[in-house]
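So the sequences go chain by chain: E and Z. Every letter in the first sequence is one number past the one before it in this note's numbering, and letter 227, counting from 1, is 1062. Every letter in the second sequence is one number past the one before it in this note's numbering, and letter 15, counting from 1, is 16.
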Amino acid sequence: MSELWGSVTARGRIVMALVLAVLLALPLVADRYVLSVLTLIFYFAYVGQAWNLMMGYAGQLSLGHALYVGVGGYVAALLWLKLGIGPWLGVFAAIAVASGFGAAIGWLGFRFGIAGVYFALLTIAFAEFTRIGFDHLELTGGAAGLFLPFEEKRLGEWWNLRGGQLMFYYLALALASAAVLLIALIARSRLGYRLIAVREDETAARALGIDAFAVKMSAVVISSAMTAVGGVFYAFYYNNLFPSQVFEISRSIELILAPIVGGLGTVFGPVIGAFMLTPLGEVLIAVTARFGINAPGFKALFYGVILIIIISATPAGVWPRIAGLFGLKGRAP
Amino acid sequence: MWSIYLGVIIQGVLTGLVYGLMALGLSVIFGVVRVVNFAHGEFAVVAMYATYVLFTALKLDPLLAVVPIAALFFVVGYALQAALINPFVGRPEHEQFILLVGVGIIIVNGLLIGFGPDARPVNLSYGFDSYEIGLLLIDKPRVFAAAAAIAVAAALFWFFRRTRTGAAIRACADNLVGAAVVGLDVKRLYALTFGLGLACVGAAGALLVTIADPAPVLGPAYTLLAFIIVIIGGMGSMVGALVGGVLIGVSEALAGFLFAPSMKSMFSFALLIAVLVLRPQGLMGRRI
């Protein structure tokens, strides 16, 4: 840990401390709307970071990550609704099931040598299959969805995640910070170096004696487990789950935007990406609503344009450039 | 009883031929240019809308609209490849993917903003006619669409087998370095191929209007369908694309009939997973 702190430049430490202090103190001055936008930013930073582990560090393109969000959310929601088990316990079940899915996909992909585009399509196929399956699953309410009821008497039960915007704001901030810490630790660990080796040249890595299969599986399992926690947050924050919304491919694509724009394979990339994209999207909606134009289509259109610009001009993402510009680059892999 | 099943299967074959034509475009593009066109279905939906516009404005029958729309899409494909996609040809796959995902998002939302989310029906005068063969009832529009799809595919086959340019393109697919060495203008041929691939998509889109009503949300669904067909049939194999299309058409028709219409895609995705795991080169593809 001290080695981690030591690898950040002095300037970087000041910036990080400042940002964290501002975010912690923000609820004192900001209104509910700003807090909700920030909560969304933290959420996307969190799941983006989980995806970043798999794509940025392990080099495995997963376009079906919404599967883990949905599975995590549904498991925790079901345990709460049917058995009264709170989310702090339910999250473990969610992690177990989602990483089970991740392990299955990883095993099928890596054992049978499905890579690149084909692996991406495999992940999409699983996500879509699950989506249609949940549409027809009576246990989870089918296409009509699952609802977590709003109970007045339960307000304030933070252990059941029944609270207001403030609670979710700090929870999301904690999750995002924990994700950054986790990825930073992994990046500097032996697993991290092995992941990068496998990403860069799998054959050479295997020649060095690295168990590529085990390394890739670790990445998938950790990534899916992390994403499942995000799913639990999602379920208890929005209080509703629809298969057609939660599992659909546009959700998978939505959560990969932040890490790609911010910077794949970097620790802060997904965070920067989330901070850039979400507020811009909100501003765009506000501006187009002012002119009376159809807002949702414009926001997505704008994201599409940004995606193309970033991938053409700076495929490594925005963060590496910004970090270099401000002299924030630490000694990092 | 068997006549109902046979009817469903024939329906699936006819629909599958149109799907196959769409997948043919994808196969051509990937087989030669090696770019994963993740906006494929979105282009098909644009073609559907273009057909709808021509139909409502000029009363032009979709089957006749195939020619101008295919021509238009050829130009679009050529321009798109030359301008936007060319720099990405050598780049990592995930970057190509992302680029075309971005293009797809722009297309879908452009259509959403322009036409709204509701489906726009194209009401043909012969839309509900059918041929009676014994106990079987076969939709007339689907027969015409399937016949047109076969015609377009045959034209494409003829182009690739019988013309010099077609041979040049196949050379690029087989051995890129060798093709450059013998002096073929690879960039121009790539653009040409992309144009041809999108022309297929345009034609397929025009024909799809007889099967489904244009709606923006169909874009990603058709993209996935095209990929499923191409992988099952075999990436890079043109006949494979058509065979895969028919296979998926029939399996979706049967799955929709035997289980529930909303579950028909589930079977296709399961098939995709099975093929990816067991036989990734597809039925007729070359070994990866």
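No residue lacks a Cβ here, since even glycine has one placed at the ideal position from N, Cα and C.
Using only alpha-carbon positions, find the residue among the options that is nearest to residue i.
i, options, result
"E:Arg-1025", "E:Ala-979, E:Gly-935, E:Asp-1046 and E:Thr-1062", "E:Asp-1046"
"Z:Ile-70", "Z:Val-187, Z:Ile-106, Z:Gly-196 and Z:Ala-180", "Z:Gly-196"
"Z:Glu-133", "Z:Ile-5, Z:Val-90 and Z:Ile-229", "Z:Ile-5"
"E:Gly-1139", "Z:Gln-12, Z:Ala-66, Z:Leu-100 and Z:Leu-22", "Z:Leu-100"
"Z:Ala-120", "Z:Val-46, Z:Asp-186 and Z:Leu-279", "Z:Val-46"
"E:Val-1122", "E:Phe-1137, E:Met-1111 and E:Phe-1110", "E:Phe-1137"
"Z:Leu-225", "E:Val-1033, E:Gly-1162, E:Glu-1037 and E:Ala-962", "E:Ala-962"
"Z:Met-264", "E:Ser-1147, E:Gly-998 and E:Gly-977", "E:Gly-977"
"E:Leu-1092", "Z:Ala-205, Z:Gly-103, Z:Leu-277 and Z:Ile-274", "Z:Gly-103"
"E:Gly-921", "E:Arg-989, E:Ser-1059, E:Asp-1036 and E:Phe-1103", "E:Arg-989"
"E:Leu-902", "E:Phe-947, E:Glu-1083, E:Met-1061 and E:Tyr-881", "E:Glu-1083"
"E:Gln-884", "E:Ile-1141, E:Gly-1097, E:Ala-939 and E:Ala-1070", "E:Gly-1097"
"Z:Phe-270", "Z:Val-244, Z:Tyr-223 and Z:Gly-237", "Z:Tyr-223"
"Z:Val-67", "Z:Leu-85, Z:Ala-205 and Z:Ile-107", "Z:Ala-205"
"Z:Thr-211", "Z:Leu-7, Z:Val-109, Z:Val-9 and Z:Leu-15", "Z:Leu-15"
"Z:Gly-246", "Z:Ala-192, Z:Asp-186, Z:Ile-151 and Z:Gly-220", "Z:Ile-151"
"E:Asn-887", "E:Trp-915, E:Phe-1103 and E:Gly-1132", "E:Phe-1103"
"E:Gln-1000", "E:Leu-1017, E:Tyr-1072 and E:Ser-1058", "E:Tyr-1072"
"Z:Asp-214", "Z:Cys-201, Z:Gly-167 and Z:Gly-128", "Z:Gly-128"
"E:Ile-1143", "Z:Phe-31, Z:Pro-88, Z:Leu-55 and Z:Val-153", "Z:Pro-88"
"Z:Val-76", "Z:Pro-142, Z:Thr-166 and Z:Thr-194", "Z:Thr-194"
"E:Pro-1150", "E:Ile-1095, E:Trp-993, E:Phe-1126 and E:Ala-860", "E:Ile-1095"
Over what stretch of residues does the alpha helix (DSSP H) that includes residue i continue unbroken?
i, result
"E:Asp-970", "951-970"
"Z:Glu-96", "94-116"
"E:Lys-988", "No alpha helix (DSSP H) holds E:Lys-988; DSSP gives it neither H nor E."
"E:Pro-922", "922-946"
"E:Ala-912", "901-918"
"Z:Met-290", "Here chain Z covers residues 2 to 289 and nothing more, so residue 290 of chain Z does not appear."
"Z:Thr-164", "Looking at the DSSP string, Z:Thr-164 is not in any alpha helix (DSSP H), and its letter there is neither H nor E."
"E:Thr-874", "867-887"
"E:Pro-862", "Counting along the chain, E:Pro-862 falls outside any alpha helix (DSSP H), and DSSP gives it neither H nor E."
"Z:Ser-269", "265-279"
"Z:Ala-84", "First-last for Z:Ala-84: undefined, no H or E at that position."
"E:Pro-1155", "1153-1161"
"Z:Leu-177", "177-182"
Taking 8 Å as the cut-off, decide whether the C-beta atoms of residue i and residue j are in contact.
i, j, result
"Z:Leu-27", "Z:His-41", "yes"
"E:Ala-1039", "E:Val-1106", "no"
"E:Phe-1077", "E:Gly-980", "yes"
"Z:Met-285", "Z:Gly-235", "yes"
"E:Lys-1134", "E:Gly-1116", "yes"
"E:Gly-908", "E:Val-1081", "yes"
"Z:Pro-118", "Z:Ala-216", "yes"
"Z:Phe-158", "Z:Met-239", "yes"
"E:Val-1056", "E:Gly-941", "yes"
"Z:Gly-250", "Z:Tyr-20", "yes"
"E:Leu-1030", "E:His-900", "no"
"E:Phe-985", "E:Asn-1074", "yes"
"Z:Cys-173", "Z:Leu-199", "no"
"E:Val-932", "E:Val-906", "yes"
"Z:Ala-24", "Z:Ala-242", "yes"
"Z:Ile-230", "Z:Ile-139", "no"
"E:Leu-824", "Z:Phe-98", "Absent from the structure is residue 824 of chain E, since the part of chain E shown begins at 836 and ends at 1168."
"E:Ile-967", "Z:Glu-96", "no"
"E:Ala-1022", "E:Tyr-892", "yes"
"Z:Leu-208", "Z:Ala-146", "yes"
"E:Ala-1169", "E:Phe-1161", "Lying before the first or after the last residue shown, residue 1169 of chain E is absent from chain E, which here runs from 836 to 1168."
"E:Leu-957", "Z:Leu-277", "yes"
"E:Ala-928", "E:Val-952", "no"
"E:Tyr-1069", "E:Leu-870", "no"
"Z:Ile-274", "E:Ala-960", "yes"
"Z:Leu-279", "E:Gly-1132", "no"
"Z:Leu-255", "Z:Gly-13", "yes"
"E:Ala-1019", "E:Leu-858", "no"
List the endpoints of the continuous beta strand (DSSP E) containing residue i.
i, result
"Z:Leu-61", "That residue, Z:Leu-61, is in no beta strand (DSSP E); it is neither H nor E in DSSP."
Run through chain C and tell me which residues come within less than 7 Å of residue i, C-beta to C-beta.
i, result
"Z:Pro-262", "This model lacks chain C altogether; the protein chains it does include are E and Z."
On the DSSP bridge assignment, give the partners of residue i in chain order.
i, result
"E:Phe-982", "E:Asn-1075"
"Z:Ser-131", "Z:Asp-140"
"E:Glu-992", "E:Arg-997"
| field | Inside the stretch 1016-1064 of chain E only - alpha helix (DSSP H) runs reaching at least 4 residues | value | 1025-1035 and 1037-1042
| Every unbroken alpha helix (DSSP H) within the stretch 201-240 of chain Z, with a cutoff of 4 residues, ordered by chain | 219-234
| said: Which runs of the alpha helix (DSSP H) at least 4 residues long sit entirely within the stretch 1081-1137 of chain E? Give them in chain order. | reply: 1084-1097 and 1104-1125
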